[in-house]
Amino acid sequence: MLRVATWNVNSLRVRLPQVLAWLGDVEPDILAMQETKTQDLDFPAAAFAEIGYAVVCNGQKTYNGVAIASRTPGSILATALPGYDDTQRRFLAMRFGDVQLIDVYVPNGEDVASDKYRYKLEWLAALRDFLARSGTGAKTIVLGDFNIAPDDRDVHDPAAWQGQVLVSDPERTALKRLFDTGVQDCFRLFDQPAGLYSWWDYRAGALHRNHGLRIDLILASANLAARCRQCRIDAAPRRWERPSDHAPVLAEFDV
DNA sequence: ATGGTAGTTTGACTA
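Counting from 115, one number per residue, gives the positions in the first sequence under the working numbering.
Structure, rendered in structure tokens:
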């Protein structure tokens with residue numbers, strides 16, 4: 115059994131106690147983190163080592179940053195999207211045995227009229243090209259904060275969100291192009307109750323009113339998706355003291 | 001209702 119998880123921690127400096135507590139409770143084999151907001155020199159690797167996790171980080175000051183913690187060490191495949199010039203740390207590809215695991219923090223996009231939105235669509239196109247080239251015939255997991263709700267089931271109020279960033283058609287089309295390379299959304303491999311989300315805005319009582327979106331995804335190539343036994347969102351940490359605005363998502367594979 | 005809160009950083013910027 116391989117148990118992998120993704121969590122946008124929104125500052126590892128602030129969230130380290132929650133992350134360590136969650137790892138201790140759930141004990142996934144691999145946790146992919148986003149928005150660590152931590153330079154590699156400041157990364158709290160020793161705290162992860164103390165609870166039995168090796169960690170590889172790809173961070174920067176103040177913004178962005180990804181990292182992968184794992185029970186057994188893996189090898190680094192890439193720390194940036196090949197062929198895409200990007201000053202922002204949003205990508206970390208590693209190999210664990212015969213599984214390649216790609217941790218992504220897709221740009222937020224801010225607003226459909228902004229330059230950041232065009233950057234988001236470019237970034238997603240580059241990710242698609244990378245997946246197409248690297249091939250999903252091998253066992254591949256792509257997980258992280260995609261900053262896109264795949265369809266209206268993943269949106270608390272589709273009418274209010276229609277056309278907005280995180281939900282807009284061009285973003286959803288870009289996500290479908292990722293699926294076209296052969297990866298599948300593990301959450302939708304199973305019957306799921308309505309109203310399950312992975313992100314709730316800090317503002318306006320969004321959590322209390324379950325005004326959320328499902329934007330944190332675990333995608334798996336067909337050979338792994340066929341062996342996926344479970345995919346769930348663990349909403350509990352979103353209700354802890356001083357939480358991230360995202361909840362962790364977990365998938366289990368029979369491999 | 002272009003608000004609201006949080007993190008980084010100490011004034012904005014990002015989300």
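Ideal Cβ placement from N, Cα and C applies to all residues, glycine included.
Residue(s) in a DSSP beta bridge with residue 335
297
On the three-pair Cβ rule with 8 Å, is the region 331-340 touching the region 275-285?
no
So the alpha helix (DSSP H) residue 175 belongs to, where does it begin and stop?
Segment: none, residue 175 is in no alpha helix (DSSP H) and carries neither H nor E.
State yes or no: is the C-beta of residue 172 within less than 7 Å of the C-beta of residue 130?
no
Give me the DSSP bridge partner(s) of residue 258.
218 and 331
Measuring only the C-alpha atoms, how far is residue 256 from residue 118?
11 Å
C-alpha gap between residue 128 and residue 209, whole angstroms
28 Å
Give a yes or no on whether the C-beta atoms belonging to residue 261 and residue 347 are separated by under 7 Å.
no
Taking all protein chains shown into account, do 16 or more other C-beta atoms lie within 10 angstroms of the C-beta of residue 150, making it buried, or fewer, making it exposed?
buried
Whole-number beta carbon distance between residue 219 and residue 148, since they are thought to touch under 8 Å:
4 Å
Taking Cβ to Cβ, would you say residue 311 is nearer than 7 Å to residue 359?
no
In this structure, does DSSP put residue 302 in helix, strand or coil?
helix
Which ranges would you report for the beta strand (DSSP E) in the region 197-253 if only whole runs of at least 3 residues count?
205-210 and 213-219
For residue 140 and residue 133, believed in contact at Cβ under 8 Å, the rounded distance:
With a Cβ gap of about 11 Å, residue 133 and residue 140 do not count as contacting.
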